[in-house]
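*Asks:* As you go down the protein sequences, you meet chains H and U in turn.
Just so you know, we're using my numbering here: the first sequence kicks off at 1 and counts up by one.
Just so you know, we're using my numbering here: the second sequence kicks off at 208 and counts up by one.
Got a structure for you, questions after.
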Amino acid sequence: PAAAQSRLNEDTLQQRLQALIEGARETWTYAIYWQLSYDSIAGGGDGEGTAFLGWGDGYYKGEEDKGKSKKRCSSVNAVEQEHRKRVIRELNALISGGAVAGAADDAGDEEVTDTEWFFLVSMTQSFLNGTGLPGQAFLHCRTIWLSGSGALAGSGCERAQQGQIYGLRTLVCIPSDNGVVELGSTDVIQQSSDLMEKVNTLFNFNN
Amino acid sequence: ITAVGLPQARKASLARFLEKRKERVTST
């Protein structure tokens, strides 16, 4: 039952992230839900634990303009691109149950775009409450909306700067009851109260 | 990122991402 409940939560998160992006007027590249968790070991075992935001789920839509995304791969050198393809092939093998990691695969041979890579690497990340873009949004309970390459590069936040390098031009973190919804786009998107209201409706599970 | 280093709990997200990527690649 616990596994079924967990799966249900995953499915619900996925549906909500997808609804958020597919229903938006703006063109978002991806959405991630950073979920509030507590690390009892790091907290010293006193029952409190250290609060952090870890990967809850994510929905990657990609870029509508294939030409733009291909262009954004061109800055990556051949060695880096080969590394990305190898990782994709290994992950495919891992997920599909241990097939040969080096086997040729259409998806593994296709160039891995910068935003795909940024999304993929995000799965390995987490943020202590108050640190990084999601952590700051959650601690201060306020939306952070960075729009334009200059805003991302000059934010002083490593994740935003990394996103800018990978072609993002808008990065948004909207806090909810138990986590933070992050949206990224390769377009410049101005702040919208409509989007924040949608996040409030879709991701405040306590209500 | 390495395949072996990915936490178990994130495999569902990863599987979805890879599956959709396959669909995108084969549709072009």
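Cβ atoms here follow ideal geometry from the backbone N, Cα and C, with glycine treated the same way.
These numbers come from a predicted model, not from an experiment.
Would DSSP call H/S122 helix, strand or coil?
*Replies:* Residue numbering aside, residue 122 of chain H sits at position 122 when the first sequence is read from its first letter. Looking at H/S122 - three-state DSSP - the assignment turns out to be helix.
*Asks:* Can you grab the Cα-Cα spacing for the pair H/L53 / H/E111, in whole Å?
*Replies:* Taking the first residue of the first sequence as position 1, residue 53 of chain H is located at position 53. Taking the first residue of the first sequence as position 1, residue 111 of chain H is located at position 111. Rounded to whole angstroms, H/L53 to H/E111 spans 30 Å at the Cα level.
*Asks:* Mind checking if U/S220 is an interface residue toward chain H, Cβ cutoff 8 Å exclusive?
*Replies:* Position 13 of the second sequence holds residue 220 of chain U. Yes, contact with chain H.
*Asks:* Kindly indicate which three-state DSSP category H/I189 falls into: helix, strand or coil?
*Replies:* By 1-based counting over the first sequence, the position of residue 189 of chain H is 189. Three-state DSSP puts H/I189 in coil, outside helix and strand.
*Asks:* Could you tell me whether the region 26 to 33 of chain H touches the region 180 to 189 of chain H, using the rule of 3 or more Cβ pairs below 8 Å?
*Replies:* yes
*Asks:* Can you give the Cα-Cα distance for H/A153 and H/I189, rounded to whole angstroms?
*Replies:* Stepping through the first sequence from its first residue, residue 153 of chain H is reached at position 153. Stepping through the first sequence from its first residue, residue 189 of chain H is reached at position 189. Answer to the nearest angstrom: the Cα atoms are 16 Å apart.
*Asks:* Which same chain residues, not among the five before or five after H/V100, have their C-beta less than 7 Å away from its C-beta?
*Replies:* Taking the first sequence and counting its residues from 1, one reaches residue 100 of chain H at position 100. Note that H/V100 has pLDDT 49, beneath the 50 cutoff, so the model's placement of it is unreliable and the number below is only indicative. So the list reads A93, once near-sequence residues are dropped.
*Asks:* Among all the DSSP beta bridges, which residues are the ones paired with H/Q35?
*Replies:* The residue given as residue 35 of chain H occupies position 35 in the first sequence. H/Q35 pairs with H/G54, H/G179.
*Asks:* Taking 6 Å as the limit between beta carbons, can you name the residues of its chain near H/F203, skipping five residues before and five after?
*Replies:* Residue mapping note: residue 203 of chain H aligns to position 203 of the first sequence, counting from 1. So the qualifying residues of the chain are S176, V181.
*Asks:* Smallest Cα separation from H/R86: which of H/G97, H/S96, H/D109, H/I144?
*Replies:* Working through the first sequence from its first residue, we reach residue 86 of chain H at position 86. Ranking H/G97, H/S96, H/D109, H/I144 by Cα distance to H/R86 puts H/D109 first.
*Asks:* Taking its Cβ as the centre, do 16 or more other Cβ atoms sit within 10 Å of H/G23, making it buried, or is it exposed?
*Replies:* The count along the first sequence starts at 1 and reaches residue 23 of chain H at position 23. Exposed, by the Cβ-count rule.
*Asks:* For H/G58 and U/S220, which I take to be in contact (beta-carbon distance under 8 Å), what is that distance rounded to the nearest angstrom?
*Replies:* To locate residue 58 of chain H, count along the first sequence from 1; it is residue 58. To locate residue 220 of chain U, count along the second sequence from 1; it is residue 13. In this structure H/G58 is in contact with U/S220, their Cβ atoms being roughly 5 Å apart against a cut-off of 8 Å.
*Asks:* For a test of the three-state rule: what should DSSP assign to H/G184, helix, strand or coil?
*Replies:* As a first step, residue 184 of chain H is located in the first sequence; it is residue number 184 there, counting from the start. In the structure shown, H/G184 sits in a strand (DSSP, three-state: E or B).
*Asks:* With respect to the beta strand (DSSP E) encompassing U/S234, which residues constitute its N-terminal and C-terminal limits?
*Replies:* Locating residue 234 of chain U in the second sequence gives position 27, where the first residue counts as 1. Element bounds for U/S234: not the beta strand (DSSP E) but the alpha helix (DSSP H), 218 to 234.
*Asks:* I need the DSSP call for H/F203, collapsed to helix, strand or coil.
*Replies:* On the first sequence, position 203 is the one that residue 203 of chain H refers to. Helix at H/F203.
*Asks:* Based on the DSSP secondary-structure assignment, which residues constitute the bridge partners of H/L146?
*Replies:* Taking the first sequence and counting its residues from 1, the one referred to as residue 146 of chain H is at position 146. Paired residues: H/L171.
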